[in-house]
Amino acid sequence: MQVEKIYSPRQSGLINRPYPLPPLPKNLFYVESPDPASAEGNTLFLIENSNPFDFYHYRLLSVIHRGKTAFQNVLIADTYNYGRILLLDGAIQSAECDEALYHETLVQPAMLCHPEPRSVLIIGGGEGATLREVLAHRSVKSVTMVDIDREVVELCREHLTRWHREAFDEPRVQMVFKDGRKFIESDDAHYDVVIIDIVDMLDNGPAQALYTRQFYEMLRRRLRPNAIVVVQGLEFSFLDYKEHAALARTLRTVFPEVHSYRVHIPSFLSAWGFLIASDWFRPSEISADKIDTAIANRLGKDRLAHITGDYMKSCFCLCKRTRFMLSLPGPILEDNVPFVAPPDIKDAEPPCQP
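In the working numbering, each residue carries its 1-based index in the sequence shown increased by 16.
Right under this line is the structure:
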């Protein structure tokens, strides 16, 4: 049964303001923020428990779907602050309010910097938004999307229409419901761009097999010349870097050019990392003007909500402490070897001044 969203933002004009509202581009319109009084008495909360110490509460308007597939627990719900959200195994994966920021940042740096992406492989990306961003490029002739969980994809197709925008039905798309590792082991196609957008837990579970050196060695054999690989790179800041750094070190055992970048995703309550790997691409060697020209020529200047040349360049600029943390030696991710994170690093107490 189709479950309709029960909440729509208050229309603008209900609040008297002592100033005029500026006109907006044709793709934007005003709405009022949710009225806090409307939440009084609503005791429906979601507790996001992906962190073992801190729990985060999201007040819900309604639950759209709650269930369990053969692989994971699934929740789709409407929230006051973030719109519709998708959670898998208790961890937020995507939110209506900022999914475009996440998916543009994941997809577009690789797609815009590749000379002419024609064949693209997506592993994961069940919401369909990664697929949407890839298909925006007219040069793309074929996209293979591999996801292990058909039921999650079908739920997203039904309930997350603003994410995929019917991208699943594009004739350029081939859907494969299979474990990503097994697909790479048996696949004989070659790709210009590979986007890995799978769950973000290095918990020594099944998904970790898609983060190891052995996996990337197999993947490399499926790449065309000038290919680019981009990987969803977990939480990433100078306070939360160990898993991202391990993933970066792992990629460097296979690719000569590996670069970290990040963006703050409001619904994730965190800065989020990405890694771009290839034989040739260096972010420092492409100018903001060249990126803007690629956007205009390939997508149209108004297609993207967030990415510009200057913004994309800024995502690769990391603070001094973060660069230091990434420079440290440490473990890489190997098949059948549990990931054991290094200890924390703390600042020494500054000496007392006389």
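C-beta atoms are modelled at their ideal positions from N, C-alpha and C, and glycine is treated no differently.
Secondary structure of P241, DSSP reduced to three states: strand
Would you call the region 179-194 and the region 153-160 touching, i.e. three or more CB-CB distances under 8 Å? yes
Status (buried if at least 16 other CB within 10 Å, exposed otherwise) for D70: exposed
Look at the Cβ atom of I63, then the Cβ atom of F284, and state whether they are nearer than 9 Å. no
Beta-carbon gap between G249 and L263 smaller than 9 Å: yes
Bridge partners - I212, DSSP secondary structure assignment: I139 and V247
Just to confirm, are I392 and L128 a CB contact at a threshold of 9 Å? Nothing can be reported for residue 392: it is not among the residues displayed for the chain, which extend from 17 to 370.
How long is the line joining the alpha carbons of Q230 and S135, rounded to whole angstroms? 23 Å
Do Y74 and Y35 have their C-beta atoms within less than 9 Å of each other? no
At least three beta-carbon pairs within less than 8 Å, the region 333-341 to the region 351-360: no
Along the beta strand (DSSP E) that carries F199, what are the first and last residues, could you check? Not the beta strand (DSSP E): F199 falls in the alpha helix (DSSP H), residues G196 to S202.
Drop a sphere of 10 angstroms on the beta-carbon of V356, count the other beta-carbons inside from all chains shown, and report buried for 16 or more, exposed for fewer. exposed
Starting from Y277, trace the beta strand (DSSP E) in both directions and tell me its first and last residue. E273 to I281
Report buried or exposed for C333, applying the criterion of at least 16 other Cβ atoms within 10 angstroms of its Cβ. exposed
Could you compute how far the alpha carbon of E167 sits from the alpha carbon of D105? 14 Å
Run through the region 292-316 for me and flag every whole beta strand (DSSP E) of 3 or more residues, listed as ranges in chain order. none
In whole angstroms, what separates the C-alpha of I139 from that of D185? 18 Å
Might you give, ordered along the chain, the residues of its own chain that have their beta carbon closer than 6 Å to the beta carbon of Q27, omitting 5 neighbours on each side? Annotation note: pLDDT 47 at Q27 (below 50); position unreliable, coordinate value reported separately. Result list for Q27: empty, nothing under 6 Å.
Which term fits R100, buried or exposed, when burial requires 16 or more other beta carbons within 10 angstroms of its beta carbon? buried
Which residue comes first and which comes last in the alpha helix (DSSP H) that contains V156? Here V156 belongs to no alpha helix (DSSP H), and DSSP marks it neither H nor E.
Short of 6 Å in beta carbon distance, which residues of its chain neighbour V247, apart from the five on each side in sequence? Order them along the chain. I212 and L291
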